[in-house]
Amino acid sequence: MRRGEIYLATSPYGDAPVMKVRPVLLLTGPVGLGTETVVAYISSVVPAPLLGSDILLDPGQPEHLPTHLKTVSVLRLHKVATIHTTSIRRYVGRITTATKRRVADKLRALFGL
């Protein structure tokens, strides 16, 4: 598991006590003893308008082909979580180097780094 990879992972769904399998982007590899990783959520519900912390991932565009997402989705960089690596179910794809730069730029702006 490496930064920039997309996986399906179980995560809480809103305020409900249920877990949902959803795509996440790894913002870090395994942390500490390798039991946790920091992720950003990916949603197929694309808001209008997009927020400054969002990145549209369109698998129909060459830059986003390696994501292997099935539908246009939005990477929500303001929706960050630390999850246990045991929550990660399966590899989906990855983002390109250009998209990694956009992620880094948006995270710096979001967190004022």
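Under the numbering used here, the first residue of the sequence shown is numbered 805, with each subsequent residue one higher.
The beta carbon of each residue, even a glycine, is placed where N, CA and C say it ideally should be.
Here residue 839 is exposed: its Cβ has fewer than 16 other Cβ atoms, across all protein chains shown, within 10 Å.
For residue 827, DSSP records a beta bridge to 812. Residue 874 sits in coil when the DSSP states are folded into three classes, being neither helix nor strand. Between residue 844 and residue 829, the C-beta spacing is below 8 Å.
Per DSSP, the beta bridge partners of residue 844 are 829 and 884. The residue among 806, 841 and 857 with its C-alpha nearest the C-alpha of residue 906 is 857. Of all alpha-carbon atoms in 826, 885 and 832, the one lying nearest the alpha-carbon of residue 904 is that of 832. With a 10 Å radius around the Cβ and a threshold of 16 neighbouring Cβ atoms, residue 861 comes out buried.
Annotation for residue 906: the continuous alpha helix (DSSP H) segment containing it runs 901-915. By the neighbour-count criterion, in which a residue is buried when 16 or more other Cβ atoms sit within 10 angstroms of its Cβ, residue 910 is buried.
Cβ-Cβ separation between residue 847 and residue 877: approximately 6 Å, consistent with a contact (criterion under 8 Å).
Each residue's CA atom was taken as its position, placing residue 836 and residue 901 some 25 Å apart.
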